[in-house]
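Engineer:
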Amino acid sequence: MSWLYDVMLTPAIEVGDIKITAFQVVAVLVLVGLFWFQHSSRGGKSCTARHILMKTEEELLKAKSRIDAGEDFSKVASECSTCPSGKSGGSLGRFTPGSMVPAFDRVCFDPKTNLGEVVGPVQTHFGFHLIILDERNGVDDEVKASDATKKE
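Numbering of the sequence shown is given in this note's numbering, commencing with residue 80 and proceeding in unit increments.
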């Protein structure tokens, strides 16, 4: 196994005083691959969204009026949301269809839902949500294709 140690830790590339080992090259390639895998649509549907969850519709409408008046969605989420994601501005990260409750998925994967637009209240068994869609993959292309088919 010492040959593996030698191969992986012996500088493979030298640029001036900088020495890069094969191990470092492999590590960077793995990280780039993981980043690409996580952030590409991979031919499927995915999106990133934030939300604010509250017990009552009345409370949620008060939060929505703050956002409509110009307050930052993430700030209102961190102050008002009862979901643990509120601490991170309501961020739910990246998810695919079926990862969330159906009412939530309907909003997030509906081609008519505009990015950056506050949607809600949306009721689920958790309570009432305001949702803002930050990014979506694999949905808009589907709509463009179906629109093109209709025109033909």
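The beta-carbon is built from N, C-alpha and C at its ideal position, and this holds for glycine as well.
Is the CB-CB distance between A182 and V198 below 7 Å?
Structural biologist: No.
Engineer: Grouping DSSP H, G and I as helix and E and B as strand, with all else coil, what is L209?
Structural biologist: Three-state DSSP puts L209 in a strand.
Engineer: How should S144 be labelled, buried or exposed, when 16 other C-beta atoms within 10 angstroms of its C-beta is the threshold for buried?
Structural biologist: Label assigned to S144: exposed.
Engineer: Is L139 closer than 7 Å to F188 when the C-beta atoms are compared?
Structural biologist: It is not a contact, given that the beta carbons lie outside the stated cut-off.
Engineer: May I have the straight-line CA-CA distance separating E214 from T175, to the nearest angstrom?
Structural biologist: Looking at the two C-alpha atoms, the distance is approximately 12 Å.
Engineer: Nearest by alpha-carbon distance to G217: which of E196, I210, F205, P190 is it?
Structural biologist: Measuring from the Cα of G217, the nearest candidate turns out to be P190.
Engineer: Pick helix, strand or coil for P163, following the three-state DSSP scheme.
Structural biologist: Looking at P163 - three-state DSSP - the assignment turns out to be helix.
Engineer: Less than 7 Å between the C-beta atoms of T127 and R173, yes or no?
Structural biologist: Closer than 7 Å, so yes.
Engineer: Residue range of the beta strand (DSSP E) that K232 falls in?
Structural biologist: Only positions 80 to 231 of the chain appear in this structure, which leaves residue 232 out of reach.
Engineer: Once the 5 residues before and after G69 are set aside, which same chain residues still bring their CB inside 8 Å of it?
Structural biologist: Absent from the model: residue 69. The displayed extent of the chain is 80 to 231, so no value can be given.
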